Amino acid sequence: MNTPDDEPVDEVTSVYRRASDAEAGSPAFATRAAILAEARAAALRRTPAANHSLYAWRAVAGIAVLGVAVLLWRQTNRNVTPELTVETRTPPVLEPDLAATPEPVAEAGRSAAQADRTAEAPQLAAAPPQASADVAAVAESTAKVEREESKSAARERDESPAVASVSAAAPAESALQRARSDAAPAVAAGALRQAATDYQGLLQREFPEVWNAGTPPRTVWLVMDVGGRILRKGVLSDADTLASVANQPSGAWTVVQVKTASGSSLQLAVMQVD
Amino acid sequence: MDASATSDEALMGRYAAGDASAFDALYGRHELPLWRYILRHCGNRATAEELMQEVWFAVAREAAKFRADARFTSWLYTMARNRVIDRHRNAHSHMSLDGVAGGSETPLMEILADEGSPSPLQAAEQAEQGQSILAALHRLPREQREAFVLQADSGLTVEQIASITGTSFETAKSRLRYARDRLKELLREHA
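As you go down the protein sequences, you meet chains G and H in turn. My numbering puts the first residue of the first sequence at 1, with every later residue one more than the last. My numbering puts the first residue of the second sequence at 1, with every later residue one more than the last.
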């Protein structure tokens, strides 16, 4: 303990100390206990800084490791989880150039496999006749079979004055339905070119004057049976619509944009009936 | 380590490093002297208890701020003095010796008598002397009373008293001399 000044304790001081010792007493037990408890708590809080920071760093590292583990687990779960196949619905990519070398006219009874391949983008122009979009050819045989199953539905869609689109064609045309609902891109350009050429051949064969005309009409139409035999055909005037063609049986029109020998474009509407 | 042989500053350093037992040793050394100092300047026991707790809480919490080259007692009593002054300013209380004895309103004579005085007469005389000196202390000017109590109750040196009270060595010494002389005179008058 620190020593006081080296002075003899005089009588006053001794008397006072005696009186003070007796009179002042001591702090209450509760006060003493509170002080000592606070001192211990403060000492614990003042644990050596190195350990504290060490624990702090350990805690931070542990949290970081835990966070990485959670991220990896979530990533793993995400990869395992079967993903739904999202079918994007994109419009078919049409072959812009249909003026290819005409190939033999495709038979009406084309194979279903080819129909599937070309059915990816049979989105025929549903737009007004002045629509310029090129349309991929539709598998005729497959569409023909399925058209028989829902002729009434096709009739409703034919009410539209516009050129019937494949998407509005008979639901029976599974190839058309696949094209409408399938998000897959259009068939290969080669297939499109093949289909387009077939229609070109059809146009050349059935409408030779139109094929050779420098200024062809806007739309020509023909009705054929399942065997490919032409039942009726004609040229659609600007005032007429496909729906207004006389004595037309119920069915769906397949409208394609084809080019004539002169390179002019026109619409060829084809309907297959029983 | 023998705490009794360790200086206050060394104990404080150990406590600041996390040794709670060092605080216990410090508290044991300075509990009563500090208690008396606070009690003499508060006037009532309840306030003295509060201030006692405040001061030691501050010691515990600010141990890390204690400079190794400083005097622990000076630091301790400076904190106590500041709190006493603040309490006085806020409460406008005055020091009173009434009801201080033993915390139970027990007359000083009876306390001294219970302390095992040699004889009842001596006990009575001592009690009367004690009462007189305590009453005389109360009549001293505050600065002289403070200096006397710091020396008589807490055992501080003149240098420490000067540091705590913010005065020079000579001023502190003068106050002590005046306080002692006045108490002597009052005792003689009483006798």
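Quick reminder that beta carbons are idealized off the backbone N, C-alpha and C, glycines included. Predicted, not measured: the structure shown is a model, and the values here were computed from it.
Asked: Please go through the same chain and pick out, in chain order, the residues whose beta-carbon is closer than 6 Å to the beta-carbon of TYR77 (chain H), but skip the five residues on each side of it.; Found: ILE164
Asked: Suppose you measure from the CA of ASP19 (chain H) to the CA of VAL60 (chain G); what does that come to, to the nearest Å?; Found: 28 Å
Asked: How would you call ILE35 (chain G), buried or exposed, if buried means at least 16 neighbouring beta carbons within 10 angstroms?; Found: buried
Asked: For THR76 (chain G), count neighbouring C-beta atoms within 10 Å of its own C-beta (all shown protein chains included) and say buried if the count is 16 or more, exposed if not.; Found: exposed
Asked: Can you tell me the Cα-Cα spacing of SER132 (chain G) and GLN257 (chain G), whole angstroms?; Found: Because SER132 (chain G) carries a pLDDT of 48, less than 50, the predicted location of this residue cannot be relied on, and no value is offered for it.
Asked: Taking the straight line between their C-alpha atoms, what separation do you get for ARG40 (chain G) and GLY62 (chain G)?; Found: 29 Å
Asked: Is the region 124-139 of chain H touching the region 8-27 of chain G, taking contact as three or more C-beta pairs under 8 Å?; Found: yes
Asked: Quick one: what does DSSP say GLY201 (chain G) is sitting in, helix, strand or coil?; Found: helix
Asked: Under 9 Å Cβ-Cβ, which residues of chain G neighbour TYR27 (chain H)?; Found: ARG32, ILE35, LEU36, ALA39
Asked: Can you check DSSP and say which residues form a bridge with ASP19 (chain H)?; Found: None, per the DSSP bridge assignment.
Asked: On the three-state DSSP scale, how would you describe ASP225 (chain G)?; Found: strand
Asked: For ALA61 (chain G), decide whether its Cβ has a neighbour in chain H, counting only Cβ atoms nearer than 8 Å.; Found: no
Asked: Kindly list the residues whose CB is nearer than 7 Å to the CB of GLU9 (chain H), restricted to its own chain and excluding five residues on each side of it in sequence; keep chain order.; Found: ALA68, PHE72
Asked: Considering only C-alpha positions, which residue in the set G:THR13, G:ARG74, G:LEU236, G:VAL226 is nearest to PHE207 (chain G)?; Found: G:LEU236
Asked: Give the straight-line distance between the Cα atoms of PRO171 (chain G) and GLY214 (chain G), rounded to the nearest whole angstrom.; Found: Caution applies to PRO171 (chain G), whose pLDDT of 47 falls short of 50 and renders its modelled position unreliable; the model cannot decide the point.
Asked: Apart from the five residues on each side of it in sequence, which residues of its chain come closer than 8 Å, Cβ to Cβ, to ALA80 (chain H)?; Found: LEU34, TYR37, ILE38, LEU51, VAL55
Asked: Can you tell me where the alpha helix (DSSP H) with LEU121 (chain H) in it begins and where it stops?; Found: 120-139
Asked: When the Cα atoms are used, what is the spatial distance from ALA47 (chain H) to MET12 (chain H)?; Found: The displayed chain sequence assigns Thr, not Ala, to residue 47 (chain H). Each residue's alpha carbon lies about 26 Å from the other.
Asked: Pick helix, strand or coil for ALA269 (chain G), following the three-state DSSP scheme.; Found: strand
Asked: Whose C-alpha, out of H:ASP86, H:GLU128, H:LEU32, H:GLY28, is nearest the C-alpha of LEU187 (chain H)?; Found: H:GLU128
Asked: Note down the Cα distance separating TRP253 (chain G) from LEU231 (chain G), rounded to an integer number of angstroms.; Found: 14 Å
Asked: Measuring straight from C-alpha to C-alpha, what distance separates ARG61 (chain H) and ALA42 (chain G)?; Found: 6 Å
Asked: Please decide whether GLY102 (chain H) counts as near chain G, where near means a Cβ-Cβ distance under 8 Å.; Found: Reliability fails at GLY102 (chain H), whose pLDDT of 39 lies under 50, so the model's placement of it is uncertain and the value that follows must be treated cautiously. By this cut-off, GLY102 (chain H) is an interface position.
Asked: Find the residues of chain H that neighbour ALA56 (chain G), judging by a C-beta separation of less than 8 Å, and give them in chain order.; Found: Those do not exist, as ALA56 (chain G) stays about 17 Å from chain H at its closest Cβ, beyond 8 Å.
Asked: Near SER264 (chain G), which residues of its chain fall below 8 Å by C-beta distance, leaving aside the five closest residues on each side in sequence?; Found: ALA213, GLY214, THR215, PRO216
Asked: Tell me, please, whether the CB atom of PHE23 (chain H) is closer than 8 Å to any CB atom in chain G?; Found: yes
Asked: Please list the terminal residues of the continuous beta strand (DSSP E) segment that includes ARG218 (chain G).; Found: ARG218 (chain G) -> no beta strand (DSSP E), and no H or E assigned at all.
Asked: Going by beta-carbon coordinates alone, are GLN126 (chain H) and ARG175 (chain H) separated by less than 8 Å?; Found: no
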